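**Student:**
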Amino acid sequence: MSQFLASASDLQVLLVIAGLSVMTALIVAELASRLFFAPRVDEVERSAKLLDLVHSSLLAFIAFMLAISVADVRGNFGKADDAVSREAMNIAAFDREIGEHDIAWATPTRALLARYVATVAEDEWPRLAMSQPSLSPRAQAILDDLRGALRTVPAQEGARGNLLVHHDRLELSRIARYENATRSIPKVFWLLIGGFLFGAMVMNGRHRPTTLTRSLVGIHFAAIGMCIALILILDAPFRGETSIAPAPLVEALRHG
1 MSQFLASASD LQVLLVIAGL SVMTALIVAE LASRLFFAPR VDEVERSAKL
51 LDLVHSSLLA FIAFMLAISV ADVRGNFGKA DDAVSREAMN IAAFDREIGE
101 HDIAWATPTR ALLARYVATV AEDEWPRLAM SQPSLSPRAQ AILDDLRGAL
151 RTVPAQEGAR GNLLVHHDRL ELSRIARYEN ATRSIPKVFW LLIGGFLFGA
201 MVMNGRHRPT TLTRSLVGIH FAAIGMCIAL ILILDAPFRG ETSIAPAPLV
251 EALRHG
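In the numbering used here, the protein residues as written are 1 to 256.
1. Run the CB neighbour count on G78, radius 10 Å, all protein chains shown included, and call it buried at 16 or more, exposed below.
2. Does the structure place the region 215 to 224 close enough to the region 162 to 173 that three or more beta carbon pairs sit under 8 Å?
3. Go through its chain and collect everything with a Cβ distance to A25's Cβ below 6 Å, but skip five positions before and after it.
4. Verify whether the separation of the beta carbon atoms of P237 and A149 is less than 9 Å.
5. Here's a check: name, in chain order, each residue in its chain whose Cβ is nearer than 6 Å to the Cβ of G225, leaving out the five neighbours to either side.
6. What number of angstroms, rounded off, separates the C-alpha of H55 from the C-alpha of L232?
7. Any idea what DSSP makes of I244, helix, strand or coil?
8. When the Cβ atoms of the region 65 to 76 are set against those of the region 117 to 131, are three or more pairs found closer than 8 Å?
9. Could you give the residue range of the alpha helix (DSSP H) that holds R183?
10. In terms of residues, what are the limits of the alpha helix (DSSP H) holding A90?
11. Tell me where the alpha helix (DSSP H) around A111 begins and ends.
12. Hey, quick one: how far does the alpha helix (DSSP H) through P126 stretch, first residue to last?
13. Roughly how far, in whole angstroms, is the beta-carbon of G205 from the beta-carbon of S33, given that I think they are within contact range, below 8 Å?
14. When burial is assigned at 16 or more other CB atoms within 10 Å of the CB, is A252 buried or exposed?
15. First and last residue of the alpha helix (DSSP H) that includes M1?
16. Starting from the N-terminal side, write out each stretch of the beta strand (DSSP E) that is 3 residues or longer and does not extend beyond the region 203 to 238.
17. Along the chain, where does the alpha helix (DSSP H) containing R287 start, and where does it finish?
18. Buried or exposed: where does M23 fall if 16 or more other Cβ atoms within 10 Å of its Cβ makes it buried?
19. Work out the CA separation of R208 and S131 for me, nearest whole Å.
20. Is V13 helix, strand or coil when you go by DSSP?
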């Protein structure tokens, strides 16, 4: 599933998840109708109000959980996007401050910073998109080399301290990116939503299977499926078509 979400377009994800939801809903409703509700027609009619209550409650739980989940993943996605923008600004400021020092020292040090940014874009970003996100050891090694270079700057201690502060901000930005990549919907949510969805699908079996009822069930669960797909798309901010790109970091040095 993770590989599919990473490689497929948003439209493909929406259509596939919606299609699976509709197909599962219709199959479960058909089986429930034949195996459970059809043999108990009289009892179903007598308990119509109770069945309506149970069905409505299940749908309400589903709507509530989907609503808070969409709000949560959308908020996390926005925070991750803002964090990358701030990181780009910090990189640009860091590059400018390095450039203010002796050119013999600044040139190779700025090259180290550029190597770090390139490694983050080429190696670390794909790692953050994986089902088990991780940071790039190559990027960490370059950061360590950069810190060593900052300690040799031919300047006063105050200037060296300012450069090290910028370096610390880079490390904090990496930690924030990793936290945003691993901040996902817990598995227990999917177990709960799956249980509620299955219950609602079963309850649809009490309606006589006709073209109209099947169409309405299909439309209903297509909408639910697309909502689930939206959560899956936004839940991993560095994966898939709708994802946060490393372009701001690269552009920060290009315009520096």
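C-beta atoms are modelled at their ideal positions from N, C-alpha and C, and glycine is treated no differently. All values reported here derive from a predicted model rather than from experimental measurement.
**Tutor:** Let me spell this out:
1. exposed
2. no
3. M201, V217 and F221
4. no
5. I17, A18 and S21
6. 25 Å
7. coil
8. no
9. Counting along the chain, R183 falls outside any alpha helix (DSSP H), and DSSP gives it neither H nor E.
10. Before going on, a small fix: residue 90 reads as Asn here, not Ala. Segment A48 to G99, the alpha helix (DSSP H) holding N90.
11. I103 to T119
12. W125 to L128
13. 4 Å
14. buried
15. First-last for M1: undefined, no H or E at that position.
16. none
17. Since the displayed the chain opens at 1 and closes at 256, residue 287 lies outside it and no answer follows.
18. exposed
19. 42 Å
20. helix
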